[in-house]
Amino acid sequence: MINMSDETIPLAALALCITEKKNKKKHKKRTWWCKNWLLKRHTYSYVYLLEKLRLYPEDWRNYLPMDESTYVELLSTITPIIQKQNTVMRSSITPHERLSATLRYLATGRSYKDLKFSTVISPQTLSRIIPKTGAAIYII
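If you count by the working numbering, then the sequence shown holds residues 2 to 141, one letter each, in order.
Following this line, the structure appears as structure tokens:
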């Protein structure tokens, strides 16, 4: 039989607890700041759809509430106001994506949660982009 003093058992239990806590910290699952499919915005975005719709003016006008020439003129006017710089962490949302998301929101009235699937932009980001772009359109 092992002869342990009354002080040895609590110290051993404390050492075991500390070791377990360190092991849990090592195996903690990492969380991401953004969903993986949202990071692939350039792959899944509707911007490619707009490129194809340029060939079909009627469909373009159905998707966005203006013809392409008006859109291009508005985009060139509004770009200096809504353009953001790329960072080391990620590339910014282009003025083209910002304007088309805003126009799509105004044309359909869909919620930000619903628009995230067609724009591939998170609802939180859409809630900042759309009002700012709308204000820029109003200024012009």
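Even glycine gets a Cβ: it sits at the ideal position worked out from N, Cα and C.
- Looking from the CA of T126, the closest CA among S70, K114 and T9 belongs to K114.
- In the structure shown, G110 falls within a coil segment according to DSSP collapsed to helix, strand and coil.
- Shortest Cα-Cα distance from H97 to any of S77, L107 and T20 involves S77.
- If you draw a straight line from the Cα of F118 to the Cα of A16, it comes to about 50 Å.
- Per the C-alpha coordinates, the member of L54, Y106 and R111 positioned closest to K133 is Y106.
- Rounded to whole angstroms, the Cβ separation of T120 and Y47 is 6 Å, and the two are in contact under 8 Å.
- Take the alpha-carbon of E21 and the one of R91: they are about 37 Å apart.
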